[in-house]
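Novice: Numbering (the numbering used here), first residue to last: 207 to 825. Built from N, CA and C at the ideal position, the CB exists for glycine as well. Keep in mind that this is a model prediction, so the values were computed, not measured.
Next comes the structure, spelled out in structure tokens:
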């Protein structure tokens, strides 16, 4: 961008070393960034208990059984998996196996993945745009509210983001030297992203491929061949697990939850794939849960072009989104005459393509959609703002650059004011302070900067602080709040508490499962202490008692696992001690395997233990 804004610098920049070669291997400022990020993500982490008890129970299962760990089973006995692929559980399961199951071992892996993602984003942006831009991008990612939320919670999205950034880093390395090896590593990273959250990991592929196709310094034929090699690496890194599940005898492994035919591929294409985009069975969206069509914020709000700015996604991700879009459009315009291999334009293609494709899919998908999905946008937004801000600042002698940079600052301040107003009782003075400061700083930038170097530095610092203050304050508030349930949201405690499934964290001291009942279950010696029709209830019972509990029907209650015949056989073999009636999400009368509940009620006598209806299956 700078070469277009200041033509006289073209020769100088072309002869200069790439930004990453000028910098020291590790600068103190980078260590400060990573240390501050670690404090933000790890401080008082265990206050949220086990976070999402559903995934925490799968972590517990993986720590007790290698087969459960491999397949991502919800219980150590391996009846049924969680409704996602297991890569994120491989990490937390190993943590729990090495350090023992606790709130820390369940939540810390995501926090460490977040620190790694911030560091890797810094390294990626630095290679194309220099040290300062890298720091700005890393810091912007670190304080994005939804990133703070996800890196302090046990959902697969934390590992997904790390793998996507790793893929971007490898793509940038590959593009710089037309390296097929680095491009294949990018494909491998995205393959493991598939094993983390399936097709969502593929949304960045158009951007990765276009960057390499446009900017790699080699012939077109070789560029295309390299892309096919990377595709092969992706297929291998994702396909080995798909093949493993397909070849493993179905009767000796857990049922693949969410699939209709007990296969990973159908799960990827169905419930976790096109079902999320178009809705349908198992993905009701607005129809079943009041999601896209009815505007329920827990399920994404109304679909449409401005969904990322709405009540559901807005405070999660959109703080810097207007500035990122301005930076993208302006950057592509200012670099329109740059050489094909121009680093800045290549970076804009990468991060801009990532942002546009992912945001459009999230904006229009009509199946189950949750606000925290937007964490996948955070690295792209952070990178675009950092790259665009750095290049426009360097070209500030050129009036269009000053005007564009001023617009980024002013729009960010105005949008921050609107977002903060949505939490109107929280720090009401902050939004006014940011609005006024952004107008003042933007005006100074547009009118023209003074010649004194110290004043220029002060204004630059003011611009950075002004644009990041609202997001940063909201991020700190997010880190200060506890989160539980299946749909956590960011923000101050009074606005983010609970969420869908809130109060079911199942952590140490949780009252989600009664002490009397869990003590009763902890004394059993059978393969499974109990079975119940609620996935969340089963997870809470398993975490509290330390014993395996079957979640009949899996998360959504409709999976045919176990079948009535399997359940009857296990009961006859004395492998299940109790059946607990009722349950929360993922089961209940009239859903899924209700025939098991009916068979138990017809053949066994119920007693009340800790307020729960319990059937003794041992006699």
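#1: Could you have a look at residue 720 and say whether DSSP puts it in helix, strand or coil?
#2: Which residues mark the beginning and the end of the alpha helix (DSSP H) in which residue 550 is found?
#3: For the segment 743–758 and the segment 264–281, state whether three or more C-beta atom pairs, one from each stretch, are separated by less than 8 Å.
#4: Just to confirm my understanding: we take residue 451, look at its own chain, exclude 5 residues before and 5 after, and list those with CB closer than 6 Å. What are they?
#5: With a CB to CB cut of under 7 Å and the five nearest residues on each side skipped, what residues in its chain are close to residue 191?
#6: Tell me where the beta strand (DSSP E) around residue 820 begins and ends.
#7: What residue from 566, 406 and 415 has the CA that sits closest to residue 389's CA?
#8: Taking residue 596 as the reference, which of 274, 273, 340 and 325 has the closest Cα?
#9: In chain order, what residues of the same chain lie with their CB nearer than 8 Å to the CB of residue 155, ignoring the 5 residues before and after it?
#10: Can you tell me whether residue 511 is buried or exposed, with buried defined as 16 or more other CB within 10 angstroms of its CB?
#11: Answer with buried or exposed for residue 406, where buried requires no fewer than 16 other C-beta atoms within 10 angstroms of its C-beta.
#12: Is it buried or exposed for residue 606, if we count other Cβ within 10 angstroms and need 16 for buried?
#13: Since residue 256 is in the alpha helix (DSSP H), which residue starts that stretch and which ends it?
#14: Quick one, which of 434, 313, 524 and 290 has its alpha-carbon nearest residue 300's?
#15: Let me know if residue 363 comes out buried or exposed under the rule of 16 or more other beta-carbons within 10 Å of its beta-carbon.
#16: If you drop the 5 nearest sequence neighbours on each side, which residues of the same chain put their C-beta closer than 8 Å to that of residue 377?
#17: When you compare each of 402, 571 and 664 to residue 445 by their alpha carbons, which one comes out closest?
#18: Determine the direct distance from the alpha carbon of residue 317 to that of residue 422, and round the result to whole angstroms.
#19: Determine contact between the segment 725–742 and the segment 428–439, defined as no fewer than three beta-carbon pairs at a distance below 8 Å.
#20: Can you tell me whether residue 308 is helix, strand or coil according to DSSP?
#21: Who are the near neighbours of residue 570 in its chain, counting only those whose CB is closer than 6 Å to its CB and skipping five residues on each side?
#22: Does residue 383 pass the burial test, meaning 16 or more other C-beta atoms within 10 Å, or should it be called exposed?
#23: Among the candidates 237, 593 and 478, whose CA atom is the shortest distance from the CA of residue 193?
#24: One question on the structure: do residue 827 and residue 532 come within less than 8 Å of each other, judged by their Cβ atoms?
#25: On the DSSP letters alone, give me the boundaries of the beta strand (DSSP E) that residue 757 sits inside.
#26: Where do the N-terminal and C-terminal ends of the beta strand (DSSP E) with residue 418 fall, by residue?
#27: Measuring only the C-alpha atoms, how far is residue 539 from residue 608?
#28: Is the separation between the beta-carbon of residue 699 and that of residue 249 shorter than 8 Å?
#29: Going along the chain, which residues of its own chain have a beta-carbon closer than 7 Å to the beta-carbon of residue 353, five neighbours each way excluded?
#30: Taking C-alpha atoms, which residue in 777, 530, 273 and 693 lies nearest to residue 587?
#31: Identify, in the order they occur along the chain, each residue of the same chain with its Cβ nearer than 7 Å to the Cβ of residue 424, setting aside the five sequence neighbours on each side.
#32: For the beta strand (DSSP E) holding residue 160, just list the boundary residues, first then last.
#33: Straight-line CA distance for residue 241 to residue 329?
#34: Going by the CB atoms, is the gap between residue 823 and residue 801 shorter than 8 Å?
#35: Quick one: what does DSSP say residue 279 is sitting in, helix, strand or coil?
#36: Give me whichever residues DSSP pairs with residue 734 in a beta bridge.
Specialist: In short:
#1: For this step, residue 720 is matched to residue 514 along the chain shown. It is coil, neither helix nor strand.
#2: The residue labelled residue 550 in the question sits at position 344 within the chain shown. Segment 549–570, the alpha helix (DSSP H) holding residue 550.
#3: yes
#4: In the chain shown, counting from the first residue as 1, residue 451 sits at position 245. 470, listed in sequence order.
#5: This structure leaves residue 191 out entirely; the chain is present only between 207 and 825.
#6: The residue you call residue 820 lines up with position 614 of the chain shown. It spans 818–822 - the beta strand (DSSP E) in which residue 820 sits, taken as one unbroken run.
#7: Start at 1 with the first residue of the chain shown, and residue 389 comes out as number 183. Comparing Cα positions, the closest option is 415.
#8: To locate residue 596, count along the chain shown from 1; it is residue 390. Residue 340 is the option with its Cα nearest to residue 596.
#9: Residue 155 is absent from the structure shown; the chain starts at 207 and stops at 825.
#10: Counted from its first residue, the chain shown places residue 511 at position 305. It counts as exposed.
#11: Mapped onto the chain shown, residue 406 falls at position 200. Its Cβ being crowded by 16 or more others within 10 Å, residue 406 is buried.
#12: Stepping through the chain shown from its first residue, residue 606 is reached at position 400. When all chains shown are included, residue 606 counts as exposed.
#13: Start at 1 with the first residue of the chain shown, and residue 256 comes out as number 50. Note, residue 256: premise wrong, no alpha helix (DSSP H); not H, not E.
#14: For the purposes of this step, residue 300 is taken as residue 94 along the chain shown, with counting starting at 1. Measuring from the Cα of residue 300, the nearest candidate turns out to be 313.
#15: Residue mapping note: residue 363 aligns to position 157 of the chain shown, counting from 1. With 16 or more Cβ atoms within 10 Å of its Cβ, residue 363 is classed as buried.
#16: Within the chain shown, numbered from 1, the residue matching residue 377 stands at position 171. The residues are 388, 389, 392, 414, 417, 418 and 556.
#17: Taking the first residue of the chain shown as position 1, residue 445 is located at position 239. Looking at the Cα atoms, 402 is the closest of the given residues.
#18: On the chain shown, position 216 is the one that residue 422 refers to. On the chain shown, position 111 is the one that residue 317 refers to. Distance between the alpha carbons of residue 422 and residue 317 is about 34 Å.
#19: no
#20: Position 102 of the chain shown, counting from 1, holds the residue named residue 308. Three-state result, residue 308: coil.
#21: Looking up residue 570 in the chain shown gives position 364. Counting only Cβ-Cβ distances below 6 Å, and skipping sequence neighbours, we find 509.
#22: Looking up residue 383 in the chain shown gives position 177. The residue in question, residue 383, is exposed, as its Cβ has fewer than 16 Cβ neighbours within 10 Å.
#23: There is simply no residue 193 to check, as the chain begins at 207 and stops at 825 in what is shown.
#24: Limits of the chain in this structure are 207 at one end and 825 at the other, which puts residue 827 out of reach.
#25: Taking the first residue of the chain shown as position 1, residue 757 is located at position 551. Unbroken beta strand (DSSP E) run through residue 757: 755–757.
#26: To locate residue 418, count along the chain shown from 1; it is residue 212. Residue 418 -> not in any beta strand (DSSP E); alpha helix (DSSP H) instead, spanning 411–421.
#27: To locate residue 539, count along the chain shown from 1; it is residue 333. To locate residue 608, count along the chain shown from 1; it is residue 402. Residue 539 and residue 608: Cα-Cα distance of roughly 15 Å.
#28: What you label residue 699 is simply residue 493 of the chain shown in a count that begins at 1. What you label residue 249 is simply residue 43 of the chain shown in a count that begins at 1. It is not a contact, given that the beta carbons lie outside the stated cut-off.
#29: On the chain shown, position 147 is the one that residue 353 refers to. Cβ within range, chain order: 320, 347, 581 and 584.
#30: Numbered from its first residue, the chain shown carries residue 587 at position 381. Closest by alpha carbon: 530.
#31: Here residue 424 corresponds to residue number 218 of the chain shown, with the count starting at 1. So the qualifying residues of the chain are 384.
#32: Past the edges of the chain, shown from 207 to 825, lies residue 160, and the structure says nothing about it.
#33: By one-based count along the chain shown, residue 241 stands at place 35. By one-based count along the chain shown, residue 329 stands at place 123. Taking the straight line joining both Cα atoms gives about 16 Å.
#34: For this step, residue 801 is matched to residue 595 along the chain shown. For this step, residue 823 is matched to residue 617 along the chain shown. Going by C-beta atoms, residue 801 is not nearer than 8 Å to residue 823.
#35: Position 73 of the chain shown, counted from the first residue, corresponds to residue 279. If DSSP states are grouped into helix, strand and coil, residue 279 belongs with the strands.
#36: Within the chain shown, the letter at position 528 stands for residue 734. 782, per the DSSP bridge assignment.
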